[in-house]
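In the UniProt record's numbering, the protein residues as written are 1 to 367. This report concerns only the one structure given below.
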Amino acid sequence: MSTPSLLILPGDGIGPEVMAEVVKIIDWYGDKRGLNFDVSMDLVGGAAYDKHGVPLADETMAKAHEVDAVLLGAVGGPKYDVLDFSVKPERGLLRLRKELDLFANLRPAQCFDALADFSSLKKDIVAGLDIMIVRELTSGIYFGEPRGIITEGNERVGINTQRYTESEIRRVAIAAFELAMKRSKKLCSMEKANVMESGILWREVVEEVAKDYPEVAVSHMYADNGAMQLVRAPKQFDVIVTDNLFGDILSDCAAMLTGSLGMLPSASLGAPMANGRPRAMYEPVHGSAPDIAGQGKANPIACILSFAMALRYSFDEGAEATRLETAIEKVLADGVRTADLLGEEGATPVTTSEMGDKIIEALNASL
Ligand code: NAD
Numbered sequence: 001m002s003t004p005s006l007l008i009l010p011g012d013g014i015g016p017e018v019m020a021e022v023v024k025i026i027d028w029y030g031d032k033r034g035l036n037f038d039v040s041m042d043l044v045g046g047a048a049y050d051k052h053g054v055p056l057a058d059e060t061m062a063k064a065h066e067v068d069a070v071l072l073g074a075v076g077g078p079k080y081d082v083l084d085f086s087v088k089p090e091r092g093l094l095r096l097r098k099e100l101d102l103f104a105n106l107r108p109a110q111c112f113d114a115l116a117d118f119s120s121l122k123k124d125i126v127a128g129l130d131i132m133i134v135r136e137l138t139s140g141i142y143f144g145e146p147r148g149i150i151t152e153g154n155e156r157v158g159i160n161t162q163r164y165t166e167s168e169i170r171r172v173a174i175a176a177f178e179l180a181m182k183r184s185k186k187l188c189s190m191e192k193a194n195v196m197e198s199g200i201l202w203r204e205v206v207e208e209v210a211k212d213y214p215e216v217a218v219s220h221m222y223a224d225n226g227a228m229q230l231v232r233a234p235k236q237f238d239v240i241v242t243d244n245l246f247g248d249i250l251s252d253c254a255a256m257l258t259g260s261l262g263m264l265p266s267a268s269l270g271a272p273m274a275n276g277r278p279r280a281m282y283e284p285v286h287g288s289a290p291d292i293a294g295q296g297k298a299n300p301i302a303c304i305l306s307f308a309m310a311l312r313y314s315f316d317e318g319a320e321a322t323r324l325e326t327a328i329e330k331v332l333a334d335g336v337r338t339a340d341l342l343g344e345e346g347a348t349p350v351t352t353s354e355m356g357d358k359i360i361e362a363l364n365a366s367l
């Protein structure tokens, strides 16, 4: 297979700062593991607007279609708040997601032992937590028609429609089962089949897909119970698959089990390309953090963990992804902390760039 290609879009605010640390890691893999990537860089968000007058140039979109995976930093900032909706930085991100048809959003909630005290839950409930929420991203109630606010008689009525086709459910279910096969072969599907027809269909289609994955242990749970179980005993789960609305809420809930926004990666996957790899974009969950941009305070780990997801899910380099995650775990266990993770005694405060260097040191030690 030819050298895998990556399009890097650092974006705005802390985006370029955290992405610079990812680039160090990518270079390390080339130098030390013979794992080379054909990397190109381009602009997105406010940075693209400043140069092209749009938050994503057509040429950049065309490049995104050609590469094996896109890595994105973050977009937005106060400077762009006054722009027309059509050219706001976020539109660049939405265009990428829409045109690449990235229907499966993967949000891991992983709690490194060293950070278990940052969770709002008790340490023993979250220490060692490692779950993955797969959220359907391109359909459901956020897109269904009819929608709008109409007037009936003498009052207004707000309408949104939950609508899922079989094929929309099937493709995200397949993505979740494939993930479960790469993890611990356990999958829980969440819907509200007790009160919603779309939930009944969701459950039926997941059951149909399950027949092709006999090794995966499948369970079903009503999404409201799922929310309770996530905060009661989150370690009972491995992969969770759910629709757009429930996934929006449940993934944010699960994310906070782990502490800081600076630690949360994500992936959005689409259909397989001709080379068998899924269309994919990897990005930290956090935004451009204008309050700390340019000060060396940003935690690059969310962005670096997003690259680890790319290694695992786009490039089938699961062992190298684990190597990177283990290096991060080691650095955290040694008490190395960016500003967002400070608070305990004995911690060593570091800048964004020093955190990247420490992770490289731990990678070197892993050889
Ligand atoms: P934010 O995620 O940028 O920041 C929220 C808080 O978390 C801030 O106090 C920030 O300093 C802190 N934080 C975030 N990432 C951090 C990191 N890596 N290390 C240390 N601290 C970190 O959210 P916001 O302040 O609501 O939004 C700021 C801008 O980012 C807005 O323009 C918003 O539209 C945009 N945004 C972009 C994305 C994206 O690109 N995917 C997501 C959310 C918000």
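Positions of the beta carbon are idealized from the N, C-alpha and C atoms, including for glycine.
Does DSSP put proline 214 in a helix, a strand or coil? In the three-state DSSP reduction, proline 214 falls in the coil class, being neither helix nor strand.
Would you tell me roughly how many angstroms separate the C-alpha atoms of cysteine 253 and tyrosine 49, rounded to the nearest one? 33 Å
Reference methionine 263, options Pro108, Ala69, Ile150, Lys235, closest by Cα: For methionine 263, the closest of Pro108, Ala69, Ile150, Lys235 by C-alpha to C-alpha distance is Pro108.
Between the region 226–246 and the region 185–199, do three or more beta carbon pairs fall short of 8 Å? yes
Residue span of the alpha helix (DSSP H) that contains glycine 318, given as start and end: 318–333
Which residue marks the beginning of the beta strand (DSSP E) containing arginine 279, and which one marks its end? 278–284
Between which two residues does the beta strand (DSSP E) holding leucine 187 run? 186–191
In three-state terms, what does DSSP make of valine 350? coil
What is the DSSP secondary structure of isoleucine 14, reduced to helix, strand or coil? Under the three-state reduction of DSSP output, isoleucine 14 falls in the coil class, being neither helix nor strand.
Grab me the residues of arginine 277's own chain with a C-beta within less than 7 Å of its C-beta, minus the 5 sequence neighbours each way, in chain order. Taken in chain order, the residues that qualify are Asp68, Ser314.
Can you name the start and end residues of the alpha helix (DSSP H) that isoleucine 301 belongs to? Per DSSP, isoleucine 301 belongs to the alpha helix (DSSP H) from 301–313.
Tell me the rounded alpha-carbon separation between valine 22 and glycine 153. 58 Å
Where does isoleucine 8 sit, in a helix, a strand or coil, going by DSSP? strand
From the DSSP output, in three-state form, read off methionine 181 for me. helix
What ranges does the beta strand (DSSP E) occupy inside the region 68–103, keeping only unbroken runs of at least 3 residues that lie completely in it? Residue ranges of uninterrupted beta strand (DSSP E) with 3 or more members, entirely inside the region 68–103 and ordered along the chain, are 69–74.
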